[in-house]
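Worksheet for the structure shown next.
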Amino acid sequence: ASNVRIVNGTLAITARRESAEGADYTSARVTTKGRLAFGPGMALPDGAAAQRVRVEARIQLPRPAGQGLWPAFWMLPEKSVYGAWPASGEIDIMEAVNSFEFVGQGVHFGEPVPDNRQIYGRAEDGQVSSLPRAWDDGFHVYGVEWGPDALVFLVDGRQHLVARPRGQAAENGFFVPRATQDTPLNAPFDQPFHVIFNLAVGGNWPGPADGSTPLPATMFVDWVRVCAA
């Protein structure tokens, strides 16, 4: 069976316990790389440059949650203008692991591992969401409003986290390594980024799946939209 399907008009990404190419599990990733990338400064239909871009999607996490599951809605640069990851940036609009007790949002940037940096926040169950229930119980809207001065992360329309350039947030702001006088203040988030939806099984953060992992597991994406002005 396919790991990517359309079910009643909704994108379904399913992870399965099956062998393929030397792995014990299969899953899928859906990306707009090479097809659609966007960000502040992108050209609008009237020829003007967008000042702000809002990217959001309505997502149902796999239910039930379980060890090793790692659903994510995130963005990477179309071109690594400032160097290999994480120097050119990563935007995490939603990711959760294992029991889904929280969803994470934030940005990655800076020097190569182990000196990489992040601005990251965890939305705890009921703390930010408009629905006082577990994150896998129903759809939630995850988004980021992205402008030249900040990336504002949202859960169900409510502000959760703000990431600003180093020049506006002292030592806690984002930056690019070896920036020059000509480097834009909001680098590396001044470039076009593309969207990725995926459901990983295992990895450094959640740890491996085990016999208790509820597979097959499916993440549903009802819609995704990009608004620019």
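In the working numbering, the protein residues as written are 1404 to 1632.
We treat Cβ as the ideally placed atom computed from N, Cα and C, and that holds for glycine.
For the pair Gly1471 and Gly1509, the Cα-to-Cα distance works out to about 21 Å. In this structure, the straight-line span from the alpha carbon of Asp1625 to that of Gly1570 is close to 37 Å.
Relative to the Cα of Thr1435, the nearest Cα in the group His1597, Asn1601, Leu1602 belongs to His1597. In the three-state DSSP reduction, Arg1455 falls in the coil class, being neither helix nor strand. In its chain, beyond the 5 residues on either side, Gly1444 have a beta carbon closer than 6 Å to the beta carbon of Ala1452. By a beta-carbon distance limit of 8 Å, Pro1617 does not contact Asp1539. Their separation comes to about 11 Å. When Cβ pairs closer than 8 Å are counted between the two stretches, the segment 1555 to 1564 is seen not to touch the segment 1469 to 1485, the count staying below three. Collapsing the DSSP output to three states places Arg1461 in a strand. Remark: C-beta atoms of Val1456 and Val1433 do not approach each other more closely than 8 Å. Pro1480 is bridged by DSSP to Phe1596.
Across the structure, Asn1575 and Asn1589 are spaced so that their CA atoms are roughly 14 Å apart. When the alpha-carbon of Leu1564 is set against those of Pro1580, Gly1610, Val1506, the nearest one is in Val1506. Following the DSSP letters along the chain, one finds Phe1503 in no beta strand (DSSP E), marked with neither H nor E.
For Phe1512 against Pro1591, the beta-carbon gap comes to about 6 Å, under 8 Å, which counts as contact. Assignment of Arg1628 by DSSP, reduced to helix, strand and coil, places it in the strand class. Taking a C-beta distance under 8 Å as the contact criterion, Thr1429 and Thr1621 do not qualify as a contact pair.
Taking all protein chains in view, the Cβ of Asp1593 is crowded by 16 or more other Cβ atoms within 10 Å, so the residue is classified as buried. In the structure shown, Asn1519 adopts extended strand secondary structure according to DSSP, grouped into three states. For Pro1587 and Pro1517, the gap between their C-alpha atoms comes out near 25 Å. Here Asn1601 carries a strand assignment [DSSP, helix/strand/coil]. In the structure shown, Gly1524 adopts extended strand secondary structure according to DSSP, grouped into three states.
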